[in-house]
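In the order they appear, the protein sequences are chains A and B. Heads up, the first sequence is in the working numbering, so the first residue is 189 and it goes up one at a time. Heads up, the second sequence is in the working numbering, so the first residue is 189 and it goes up one at a time. C-beta: ideal position from N, C-alpha, C; glycine also. Note sheet for the following structure.
Number of protein chains: 2
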Amino acid sequence: MEFQLIDRIRERTAQGREDVRLGIGDDAALVAPPPGQEIAIAIDTLVEGVHFPQGTAPADIGWKSLAVNLSDLAAMGASPAWALLALTLPTQAAAQTRDFIDGFADGFAALAQPHRLALIGGDTTRGALSISVAVHGFVPPGKALTRAGARAGDVVLVTGTLGDAAAGLQLLQQGARIDEGDGRAAYLIERLNRPTPRLAAGLALRERASACIDISDGLLADLGHICAASGLGAEIDAALLPRSSMLLGAFDDVAARDFALSGGDDYELCFTVPPARVAEVQTDLARMGCGATRIGRMLESDGVRVRDVHGQWLEVARRGWDHFAA
Amino acid sequence: MEFQLIDRIRERTAQGREDVRLGIGDDAALVAPPPGQEIAIAIDTLVEGVHFPQGTAPADIGWKSLAVNLSDLAAMGASPAWALLALTLPTQAAAQTRDFIDGFADGFAALAQPHRLALIGGDTTRGALSISVAVHGFVPPGKALTRAGARAGDVVLVTGTLGDAAAGLQLLQQGARIDEGDGRAAYLIERLNRPTPRLAAGLALRERASACIDISDGLLADLGHICAASGLGAEIDAALLPRSSMLLGAFDDVAARDFALSGGDDYELCFTVPPARVAEVQTDLARMGCGATRIGRMLESDGVRVRDVHGQWLEVARRGWDHFAA
Numbered sequence: 189m190e191f192q193l194i195d196r197i198r199e200r201t202a203q204g205r206e207d208v209r210l211g212i213g214d215d216a217a218l219v220a221p222p223p224g225q226e227i228a229i230a231i232d233t234l235v236e237g238v239h240f241p242q243g244t245a246p247a248d249i250g251w252k253s254l255a256v257n258l259s260d261l262a263a264m265g266a267s268p269a270w271a272l273l274a275l276t277l278p279t280q281a282a283a284q285t286r287d288f289i290d291g292f293a294d295g296f297a298a299l300a301q302p303h304r305l306a307l308i309g310g311d312t313t314r315g316a317l318s319i320s321v322a323v324h325g326f327v328p329p330g331k332a333l334t335r336a337g338a339r340a341g342d343v344v345l346v347t348g349t350l351g352d353a354a355a356g357l358q359l360l361q362q363g364a365r366i367d368e369g370d371g372r373a374a375y376l377i378e379r380l381n382r383p384t385p386r387l388a389a390g391l392a393l394r395e396r397a398s399a400c401i402d403i404s405d406g407l408l409a410d411l412g413h414i415c416a417a418s419g420l421g422a423e424i425d426a427a428l429l430p431r432s433s434m435l436l437g438a439f440d441d442v443a444a445r446d447f448a449l450s451g452g453d454d455y456e457l458c459f460t461v462p463p464a465r466v467a468e469v470q471t472d473l474a475r476m477g478c479g480a481t482r483i484g485r486m487l488e489s490d491g492v493r494v495r496d497v498h499g500q501w502l503e504v505a506r507r508g509w510d511h512f513a514a
Numbered sequence: 189m190e191f192q193l194i195d196r197i198r199e200r201t202a203q204g205r206e207d208v209r210l211g212i213g214d215d216a217a218l219v220a221p222p223p224g225q226e227i228a229i230a231i232d233t234l235v236e237g238v239h240f241p242q243g244t245a246p247a248d249i250g251w252k253s254l255a256v257n258l259s260d261l262a263a264m265g266a267s268p269a270w271a272l273l274a275l276t277l278p279t280q281a282a283a284q285t286r287d288f289i290d291g292f293a294d295g296f297a298a299l300a301q302p303h304r305l306a307l308i309g310g311d312t313t314r315g316a317l318s319i320s321v322a323v324h325g326f327v328p329p330g331k332a333l334t335r336a337g338a339r340a341g342d343v344v345l346v347t348g349t350l351g352d353a354a355a356g357l358q359l360l361q362q363g364a365r366i367d368e369g370d371g372r373a374a375y376l377i378e379r380l381n382r383p384t385p386r387l388a389a390g391l392a393l394r395e396r397a398s399a400c401i402d403i404s405d406g407l408l409a410d411l412g413h414i415c416a417a418s419g420l421g422a423e424i425d426a427a428l429l430p431r432s433s434m435l436l437g438a439f440d441d442v443a444a445r446d447f448a449l450s451g452g453d454d455y456e457l458c459f460t461v462p463p464a465r466v467a468e469v470q471t472d473l474a475r476m477g478c479g480a481t482r483i484g485r486m487l488e489s490d491g492v493r494v495r496d497v498h499g500q501w502l503e504v505a506r507r508g509w510d511h512f513a514a
């Protein structure tokens with residue numbers, strides 16, 4: 189039974205990777221890593237009602253469960269190769285399980301295929317809906333991006349726009365439907381449900397960014413991790429935060445700012461670059477269709493502080509998501 | 189918060205592996221695989237009430253969540269190296285969470301340390317208690333044991349004794365306490381809660397066994413996987429099934445036989461060996477303190493059939509655990 193379910197997903201994911209010697213169906217998979225590369229490995233779990241709202245479409249859950257993991261590889265500057273999937277599903281009618289699996293597999297595969305990611309192992313169990321995915325990617329020795337390399341004076345940048353996913357979640361919680369109105373809700377909810385891991389940007393940042401992290405828990409929390417790992421502080425200019433026109437059309441300026449500062453689930457990259465290289469990095473990322481906006485700089489201090497549009501220091505109460513907080 | 193919990197476990201697991209370039213604490217771990225080795229990778233999830241009874245001690249849960257995964261590496265003939273842990277815990281008082289984590293970490297580490305297994309990544313989330321562990325081990329190219337290589341005429345063997353874990357589960361469900369009586373219950377429950385992955389045996393079987401699997405779902409189900417993957421059938425002699433004196437002391441012969449045939453969770457190895465090499469394999473495994481008993485042979489047919497002590501074919505209704513069955 190286990191393999192029948194996992195097989196429905198495997199059938200939809202890219203095959204033919206030469207480095208996969210034995211895929212799904214035995215006690216373990218066998219892979220032959222490329223000589224001279226390091227392997228970046230990450231695992232993340234999504235739980236219904238914690239990491240995605242109840243009622244989220246199976247295809248969106250499949251996409252997101254892979255996306256949040258690929259985002260970790262992006263933040264390391266690694267290129268994806270293999271994934272494992274542990275899927276826990278509630279007891280329900282067989283037809284419902286099959287429908288869920290087929291939708292989940294479609295969403296997972298839609299993201300896996302363009303990256304030639306192979307699903308090499310899986311486990312299915314009964315219980316409350318949750319999904320753990322482990323991913324593996326390659327990076328040349330010593331070239332991985334980490335949180336620890338920022339220097340005082342480095343410029344802080346982020347890819348894309350911030351706050352959309354948290355705004356989408358709020359709209360969903362207020363009962364918005366994606367087929368409503370002017371397309372803003374649809375856009376923001378899509379940003380929540382189908383985040384784009386910034387893999388190409390991560391590769392382009394190797395040997396250029398001094399530190400990098402993906403924004404899963406909110407900008408302040410995640411930039412705080414760079415600060416802690418690098419032994420520095422940072423200041424951010426709220427006026428510089430990149431925000432989508434959809435976000436600014438759907439919420440007032442203060443709400444949009446707070447989503448951008450503290451909202452989780454954007455899966456953009458936050459990274460630091462020496463001042464002399466900022467223009468080059470922005471040009472290169474723009475060429476791949478991924479904006480990179482400077483929002484602040486690293487300081488010889490600790491913690492993250494935020495200047496508002498009037499030049500005053502902001503008090504920011506909510507510093508990010510902590511899924512493990514009671 | 190996440191890393192504080194995972195750190196309590198990491199502190200207790202083996203450090204100082206030179207192939208771990210970056211451990212827990214960044215977006216991903218970085219490892220440098222040994223040149224010229226394949227990597228065996230497996231993932232398994234344990235859910236409370238499905239894979240272990242409610243009330244199981246946290247240390248036993250920690251041990252077992254790693255053991256079931258190391259058992260997959262054993263079945264491939266791989267030597268363990270790295271693990272990832274995704275831990276989902278219910279919302280509860282902070283002190284309770286800390287106690288659970290400390291116990292879990294002690295059990296996990298007690299099994300990880302002798303194998304020099306490094307915990308390199310983790311994720312903690314809130315939800316119904318469940319644990320996913322992914323493990324990585326090394327095996328020389330082309331030398332891994334699989335389910336697919338058995339030939340007609342090969343002898344079927346198993347390590348250790350069968351049925352103890354299922355008997356332990358039944359005793360627990362009947363309200364047995366481990367401090368009761370003559371030690372039989374304690375032994376059988378320990379076999380359920382603290383299975384020993386047969387890693388050394390798996391290594392010794394490389395280049396000798398033609399096929400191998402670990403017994404997690406019950407002998408009949410798991411030998412059935414070898415049959416399916418090898419395109420063969422098998423016959424088993426019930427009189428030859430290795431059963432512990434504890435099992436035979438606590439249950440009658442028929443119950444003990446059924447536990448040995450269909451009980452899950454033993455995590456012994458079931459493997460096939462050409463007749464000419466059986467004695468050599470048995471001698472080598474005995475030298476490492478691991479009995480290996482011949483129980484049957486592979487046939488040009490399909491499915492697994494069982495002969496009882498009178499030479500009659502047994503009807504066996506329950507062919508193993510299927511955790512995913514509704």
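**Asked** With distances taken from CA atoms, which of A:Ala-263, A:Thr-244 and A:Val-208 is nearest Ser-404 (chain A)?
**Response** As a first step, residue 404 (chain A) is located in the first sequence; it is residue number 216 there, counting from the start. Closest option to Ser-404 (chain A), Cα to Cα, is A:Ala-263.
Count the other CB atoms, across all protein chains shown, that sit within 10 Å of the CB of Gly-421 (chain A); report buried if there are 16 or more and exposed otherwise. Within the first sequence, numbered from 1, the residue matching residue 421 (chain A) stands at position 233. Per the 10 Å Cβ criterion, buried.
query = In three-state terms, what does DSSP make of Val-466 (chain A)?
reply = In the first sequence, counting from the first residue as 1, residue 466 (chain A) sits at position 278. The answer is helix: DSSP assigns Val-466 (chain A) an H, G or I state.
Would Leu-411 (chain B) pass as an interface residue toward chain A - the criterion being a Cβ-Cβ separation below 8 Å? Position 223 of the second sequence, counting from 1, holds the residue named residue 411 (chain B). Output row for Leu-411 (chain B): interface = no.
- Item | Other residues of its chain near Thr-531 (chain B): CB distance less than 6 Å, five sequence neighbours each side excluded | The shown model of chain B, from 189 to 514, leaves out residue 531 (chain B), and the question about it has no answer.
Reduced DSSP secondary structure (H/G/I, E/B, other) of Asp-453 (chain A) | Counted from its first residue, the first sequence places residue 453 (chain A) at position 265. Of the three classes helix, strand and coil, the one that applies to Asp-453 (chain A) here is coil, per DSSP.
* Interfacial residues, the region 258–282 of chain A to chain B, with Cβ spacing under 9 Å -> Per Cβ criterion, the list reads Ser-259, Asp-260, Leu-261, Ala-262, Ala-263, Met-264, Ala-266, Trp-270, Leu-272, Leu-273, Ala-274, Leu-275, Thr-276, Leu-277, Thr-279, Gln-280, Ala-281 and Ala-282.
Notebook entry, point to check: Can you list the residues of chain A that Glu-226 (chain B) reaches, using a CB-CB cut of under 7 Å?
Noted result: Counting from 1 along the second sequence, the entry for residue 226 (chain B) is found at position 38. What Glu-226 (chain B) touches in chain A: Arg-209, Leu-218, Val-219 and Ala-220.
Pair every Cβ in the region 337–356 of chain B with every Cβ in the region 376–396 of chain B, then say whether three or more of these pairs are closer than 8 Å.
At 8 Å Cβ cutoff, the stretches touch.
Would you call Met-434 (chain B) buried or exposed, if buried means 16 or more other Cβ atoms sit within 10 Å of its Cβ?
-> Mapped onto the second sequence, residue 434 (chain B) falls at position 246. Buried is the call here.
Chain-ordered residues of the region 443–465 of chain B with a beta carbon less than 9 Å from chain A: Result list empty, no residue passes.
Going by other Cβ atoms of all chains shown within 10 Å of its Cβ, with 16 needed for buried, is Pro-268 (chain B) buried or exposed? Taking the second sequence and counting its residues from 1, the one referred to as residue 268 (chain B) is at position 80. Note on Pro-268 (chain B): 16 or more other CB atoms within 10 angstroms of its CB, so buried under the neighbour-count rule.
Using the Cβ count rule (16 or more neighbours within 10 Å means buried), how would you classify Phe-512 (chain B)? Here residue 512 (chain B) refers to the residue found at position 324 of the second sequence. Only weak support is given to the placement of Phe-512 (chain B): the predicted model assigns it a pLDDT of 40, under 50, and the value that follows is read from those uncertain coordinates. When all chains shown are included, Phe-512 (chain B) counts as buried.
Notebook entry, point to check: beta strand (DSSP E) containing Met-476 (chain B): first to last residue?
Noted result: For the purposes of this step, residue 476 (chain B) is identified with residue 288 of the second sequence, where counting begins at 1. No beta strand (DSSP E) contains Met-476 (chain B), which DSSP labels as neither H nor E.
**Message:** I need the DSSP call for Pro-268 (chain B), collapsed to helix, strand or coil.
**Reply:** Along the second sequence, read from residue 1 onward, the residue named residue 268 (chain B) stands at position 80. Note: Pro-268 (chain B) maps to strand in three-state DSSP.
Report the rounded CA-to-CA distance for Trp-501 (chain B) versus Asp-342 (chain B), giving the unit in angstroms.
As a working note, residue 501 (chain B) is residue 313 in the second sequence. As a working note, residue 342 (chain B) is residue 154 in the second sequence. In a straight line, the C-alpha of Trp-501 (chain B) is about 20 Å away from that of Asp-342 (chain B).
Any idea what DSSP makes of Ile-403 (chain A), helix, strand or coil? Translated into positions along the first sequence, residue 403 (chain A) becomes position 215. Three-state result, Ile-403 (chain A): coil.
Problem set entry | Between the CA atoms of Arg-382 (chain B) and Gly-437 (chain A) - distance to the nearest angstrom | Locating residue 437 (chain A) in the first sequence gives position 249, counting from the first residue. Locating residue 382 (chain B) in the second sequence gives position 194, counting from the first residue. Rounded to the nearest whole angstrom, the C-alpha separation of Gly-437 (chain A) and Arg-382 (chain B) is 58 Å.
**Request:** Look up His-324 (chain A) in the DSSP assignment and give the residues it is bridged to.
**Result:** Taking the first sequence and counting its residues from 1, the one referred to as residue 324 (chain A) is at position 136. His-324 (chain A) is bridged by DSSP to A:Ile-229 and A:Trp-270.
Three Cβ pairs or more, each shorter than 8 Å: is that satisfied between the region 211–218 of chain B and the region 288–297 of chain B? Touching, no, given that fewer than three Cβ pairs across the two stretches are closer than 8 Å.
### Task
Whole angstroms is fine: what's the gap from Gly-363 (chain A)'s alpha carbon to Ala-282 (chain A)'s?
Residue numbering aside, residue 363 (chain A) sits at position 175 when the first sequence is read from its first letter. Residue numbering aside, residue 282 (chain A) sits at position 94 when the first sequence is read from its first letter. Going by the C-alpha atoms only, they are around 30 Å apart.
Practice item. Could you please give me the residues that DSSP links to Leu-391 (chain A) through a beta bridge? Key: Looking up residue 391 (chain A) in the first sequence gives position 203. According to DSSP, Leu-391 (chain A) shares a beta bridge with no other residue.
query = What first and last residue would you give for the beta strand (DSSP E) that runs through Gly-491 (chain B)?
reply = Along the second sequence, one-based indexing puts residue 491 (chain B) at 303. Taken as a continuous stretch (DSSP letters only), the beta strand (DSSP E) holding Gly-491 (chain B) covers 491–495.
**Asked** Do Ser-259 (chain A) and Val-321 (chain A) have their CB atoms nearer than 8 Å?
**Response** Residue numbering aside, residue 259 (chain A) sits at position 71 when the first sequence is read from its first letter. Residue numbering aside, residue 321 (chain A) sits at position 133 when the first sequence is read from its first letter. For the 8 Å CB-CB criterion, Ser-259 (chain A) and Val-321 (chain A) do not form a contact.
- Just confirm the distance between the C-beta atoms of Gly-337 (chain A) and Ser-418 (chain A), as a whole number of angstroms; I'd bet it's less than 8 Å. The residue given as residue 337 (chain A) occupies position 149 in the first sequence. The residue given as residue 418 (chain A) occupies position 230 in the first sequence. Indeed they touch by this definition, with Cβ atoms about 7 Å apart.
- Coarse secondary structure for Thr-527 (chain B), derived from DSSP in three states: A query on residue 527 (chain B) cannot be resolved here, the shown segment of chain B reaching from 189 to 514 and no further.
Can Glu-488 (chain A) and Ala-397 (chain A) be called in contact, C-beta distance under 8 Å?
The count along the first sequence starts at 1 and reaches residue 488 (chain A) at position 300. The count along the first sequence starts at 1 and reaches residue 397 (chain A) at position 209. In this structure, Glu-488 (chain A) sits away from Ala-397 (chain A), with a CB-CB distance that is not shorter than 8 Å.
Query raised in the report: Using a beta-carbon distance below 8 Å, is Pro-223 (chain A) in contact with chain B?
Result: Counted from its first residue, the first sequence places residue 223 (chain A) at position 35. Yes, contact with chain B.
Collapsed DSSP secondary structure at Ser-433 (chain A) in the structure displayed: For this step, residue 433 (chain A) is matched to residue 245 along the first sequence. Of the three classes helix, strand and coil, the one that applies to Ser-433 (chain A) here is helix, per DSSP.
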